[in-house]
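Numbering (mature numbering (1 follows the signal peptide of the UniProt record, and there is no 0)), first residue to last: -28 to -1, 1 to 485.
Cβ coordinates follow ideal geometry from the N, Cα and C atoms, glycine included.
The following block contains the structure:
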């Protein structure tokens, strides 16, 4: 076959040489390497280097670290920060992650991030190859902090930093001089949603470390059990007692019932204790197991619980969880374009669109659920029935891949929404540390309000937060790349966490030539 006047063997040789050059120089250009020449196991081309994207999606978490940074820290423009966190209440709360582009440690989204990173490793860790250890280190950075936050029985420390005062400044985390106030829940000020999500995170992570560090795994499981007991016994929303501190940032809008069901599902999986299966059977309907919704993110866990419990039915043959297969199928049918009962909205360019604020979190979480459910269905040799139409696992995988491909650059703007991936990506993300000069470049302190001139400027961020996935385009596929536009330009840990698992699957299925 001739291609552009050349014989196919010659073209293939030239492409092979070009690919080799790119691979050899991949480390020389961190954040800018993009290899477009890849294939599926079958003789079929893929347009993206999913392995490169996987590496970067995990690397991002190092840019979000709080606390004393380790000697092997790879995002070198970051430095130690928050080293006195917790001292306001005489406890050690050093470590953990900043959730997004600010300098606050919010326990609710941090716990969800941990749960989803863990689920990514549980389902697809075997495909991560050299990145598995980095993924586990990202999880452990979070769980070490969550263990500190739950060290005192009957109390959970759920936030460090006053968000309103933090947001009044535009400063590097290394320069923070806003109050590092500490907020907690206890029996007098309950917070079942954040407590249950923390239990889910600890339980899921215990499975990640079960083989590599049994002592740590057992510690995580024991803590998960006690934290869940607290969440269930002292019911109430943390956004009631702590409203002026956690709202509108991470207010609980969906109630705490979904987190209780979600946490029970993870504890059932992690401990195999029949207590949790009995709890699910007795409380599932009360906790909203059958509620019809198709949103899965840091606030609403119903869909995730359905998919996870359907695995127990499909794979472990737990017959009493039969209804969750139906609940999971209803979710799948709601997002299949053109299927009966489909209610999902897509942009003209094909991106799943839920809302203006940080829409990409729903794209990454939904794509992960599609691939995970496809895996369970394949093992069980089943399909999804949507109004008489059989939806196969292959169809679910194709939809998930299409969403990730859009994220990585197959969209009307030809823009990658992962920083540092591909030739064109956002340059002015809403992120304090990335947008201000690094400590190395500008050792002098940058005062609270001084940074706003940078925030409002059109200059590109000097520090590349490699792997950060931002909120993304609007419902018309438009993206202005404006730093002040936090809805579209801000990254978040919970956007990346489910993407890690999805990219591991795609990297394995679409390898390099």
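At a cut-off of 3 residues, not a single continuous stretch assigned as beta strand (DSSP E) sits fully inside the stretch 51 to 96. In this structure, residue 323 and residue 445 form a Cβ contact; the two beta carbons are roughly 7 Å apart against a cut-off of 8 Å. Here residue 433 is near residue 400, since their CB atoms are less than 9 Å apart.
The beta carbon of residue 184 sits closer than 8 Å to those of 108, all from its chain and outside the five residues before and after it, given in chain order.
The continuous alpha helix (DSSP H) containing residue 115 extends over residues 104 to 121.
The stretch 167 to 183 and the stretch 92 to 112 touch, with three or more beta-carbon pairs separated by less than 8 Å. Counting along the chain, no beta strand (DSSP E) covers residue 197; the unbroken alpha helix (DSSP H) around it starts and ends at 186 to 205. Burial state of residue 276 is buried, judged by a 10 Å Cβ sphere holding 16 or more other Cβ atoms. Counting along the chain, the unbroken alpha helix (DSSP H) around residue 305 starts and ends at 294 to 307. In this structure the stretch 281 to 297 does not lie against the stretch 308 to 322, because fewer than three pairs of beta carbons, one per stretch, are closer than 8 Å. A straight-line Cα-Cα distance of about 26 Å links residue 301 and residue 447. For the 9 Å CB-CB criterion, residue 371 and residue 309 form a contact. Here DSSP, grouped into helix, strand and coil, assigns residue 275 to helix. Around the beta carbon of residue 216, a 10 Å sphere encloses fewer than 16 other beta carbons of the protein chains shown; the residue is thus reported as exposed. If the five residues before and after residue 480 are omitted, its C-beta is found closer than 7 Å to the C-beta atoms of 99, all from its own chain and listed in chain order. In the pairwise beta carbon analysis, the stretch 127 to 141 is classified as touching the stretch 408 to 425: at least three pairs are separated by under 8 Å. Using a C-beta cut-off of 8 Å, the stretch 382 to 395 makes no contact with the stretch 112 to 124, since fewer than three inter-stretch Cβ pairs fall below that distance. Rounded to the nearest whole angstrom, the CA to CA distance from residue 350 to residue 54 is 46 Å. Looking at 233, 158, 257 and 241, the one whose alpha-carbon comes closest to that of residue 214 is 158.
Beyond the five residues adjoining it in sequence on each side, residue 227 comes within less than 8 Å, by CB distance, of 165, 209 and 260 in the same chain, given in chain order. Distance from the Cα of residue 431 is smallest, within the candidate group 453, 482, 441 and 137, for 453. Within its own chain, the residues whose Cβ lies closer than 6 Å to the Cβ of residue 146, once the five positions on either side in sequence are excluded, are 51, 53 and 411, listed in chain order. Taken atom to atom, the span from the alpha-carbon of residue 256 to that of residue 248 is near 11 Å. In this structure, DSSP gives residue 213 a helical state, which the three-state scheme calls helix.
Per the DSSP secondary-structure output, residue 283 pairs with nothing in a beta bridge. Taken through DSSP and simplified to helix, strand or coil, residue 316 comes out as coil. Restricting attention to 404, 347 and 132, the CA atom closest to the CA of residue 427 is found in 404. Remark: C-beta atoms of residue 467 and residue 333 approach each other more closely than 9 Å. With contacts defined by Cβ atoms closer than 9 Å, residue 474 and residue 339 form a contacting pair. Counting of Cβ neighbours within 10 angstroms places residue 122 among the buried residues, the total reaching 16 or more.
For residue 375, the enclosing alpha helix (DSSP H) covers residues 365 to 379. Going by beta carbons, residue 472 and residue 89 fall inside the 9 Å limit.
Per DSSP, residue 223 has no beta bridge partner at all. Counting only residues of its own chain and dropping the five nearest sequence neighbours on each side, residue 380 has a CB closer than 7 Å to the CB of 20, 25, 388, 390, 393 and 394.
Considered as a whole, the stretch 380 to 422 harbours 404 to 407 as its complete alpha helix (DSSP H) runs of no fewer than 4 residues, in chain order. Rounded to the nearest whole angstrom, the C-alpha separation of residue 326 and residue 154 is 33 Å.
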